[in-house]
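Beneath this line is the structure, given in structure tokens, with notes to follow.
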Amino acid sequence: MKEEFKIVYLGDPILREKAQPVQEINGKLKEVIEKMAMLMYDVRGLGLAANQVGISQRFFIMDIAQKEGTPKLEIYINPEILSAEGETEYEEGCLSIPGYYAKVKRYKHLYIKAYDLEGKAFERELTGLHAIAFQHEYDHLEGILFIDRLSPLKQELFKKWWKKHKPSFNK
Ligand code: ZN
Numbered sequence: 095m096k097e098e099f100k101i102v103y104l105g106d107p108i109l110r111e112k113a114q115p116v117q118e119i120n121g122k123l124k125e126v127i128e129k130m131a132m133l134m135y136d137v138r139g140l141g142l143a144a145n146q147v148g149i150s151q152r153f154f155i156m157d158i159a160q161k162e163g164t165p166k167l168e169i170y171i172n173p174e175i176l177s178a179e180g181e182t183e184y185e186e187g188c189l190s191i192p193g194y195y196a197k198v199k200r201y202k203h204l205y206i207k208a209y210d211l212e213g214k215a216f217e218r219e220l221t222g223l224h225a226i227a228f229q230h231e232y233d234h235l236e237g238i239l240f241i242d243r244l245s246p247l248k249q250e251l252f253k254k255w256w257k258k259h260k261p262s263f264n265k
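Heads up: the sequence shown begins at 95 in this note's numbering, then just goes up one per residue.
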């Protein structure tokens, strides 16, 4: 596994792969998640999925509370959406598509299941920005990006935008 994590950008095939379930929750995974969290806070992201740092496995982290200055890291391993309802819209961005923001429709309420770092399963109800961020990160694990959820016209405009703005420092 890589020493230093870097965010991979749109165009990297790993973002389009369906991530594989985590087989074992161990100290190594804990280390990986700590590094991911440092990176996420560093770039002030609300969430970060494993495949965004080149690991094709089903886990992600998020922190919605950091916006209010009270960081609280949330870890979701092998997450599942048990039920979803309602509709909401939010202007989303993505660390793998820096600089681009667009409104995306999402479910308003979610009921989810996931595992924590101790390997314990938990269920949780999510609403508001929590629910939105969860769906964005969950999509990553399915190989889906938020731009896929835009209208065909907006997707065309996005392609032009990306040609001009995609990071040239991507290695
Ligand atoms: Zn994203």
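Using N, Cα and C, we set each Cβ at its ideal position, and we do this for glycine too.
* Are the region 109 to 117 and the region 146 to 155 touching, with three or more C-beta to C-beta distances below 8 Å? -> yes
Using a Cβ-Cβ cutoff of less than 6 Å, which residues in the same chain neighbour Ile241 once the five nearest sequence positions on both sides are dropped? Phe252
Subject >> Closest Cα partner of Gln229 within the set Leu142, Glu125, Ile101 >> reply: Out of Leu142, Glu125, Ile101, Leu142 has the C-alpha closest to the C-alpha of Gln229.
**Request:** With a 10 Å radius around its C-beta and 16 neighbouring C-beta atoms as the bar for buried, classify Phe153 as buried or exposed.
**Result:** buried
Check your understanding: Within the chosen definition, does the region 231 to 241 reach the region 190 to 199 through at least 3 CB pairs nearer than 8 Å?
Key -> yes
Through-space distance from Ile155 to Met134, alpha-carbon basis
9 Å
Let me know if Leu189 comes out buried or exposed under the rule of 16 or more other beta-carbons within 10 Å of its beta-carbon. buried
In chain order, what residues have a CB nearer than 6 Å to some heavy atom of the ligand ZN? Cys188, Leu189, Ser190, His230, His234
Going by DSSP, what residue range makes up the alpha helix (DSSP H) through Tyr170?
Run containing Tyr170: none in the alpha helix (DSSP H); it sits in the beta strand (DSSP E), 168 to 179.
**OP:** Flag Pro115 as yes if its beta-carbon sits less than 7 Å from any beta-carbon of chain D, otherwise no.
**Re:** Looking for chain D here will not work: only one protein chain is present.
Quiz item: Looking only at its own chain, which residues have a Cβ that is under 8 Å from the Cβ of Glu174, when we skip the five neighbours before and after it?
Solution: Ile206, Lys207, Ala208
Is the beta carbon of Ile127 sitting closer than 7 Å to the one on His224? no
Quick check on Gly180: buried or exposed, where buried means 16 or more other Cβ atoms within 10 Å of its Cβ? exposed
**Study point:** C-alpha gap between Gly213 and Glu98, whole angstroms
**Key:** 25 Å
Item to check | Assigned exposure category for Arg200 - 16 Cβ within 10 Å defines buried | outcome: buried
What three-state label does DSSP hand Met195 in the structure shown? It should be noted that the sequence gives Tyr, not Met, for residue 195. Coil at Tyr195, not helix or strand.
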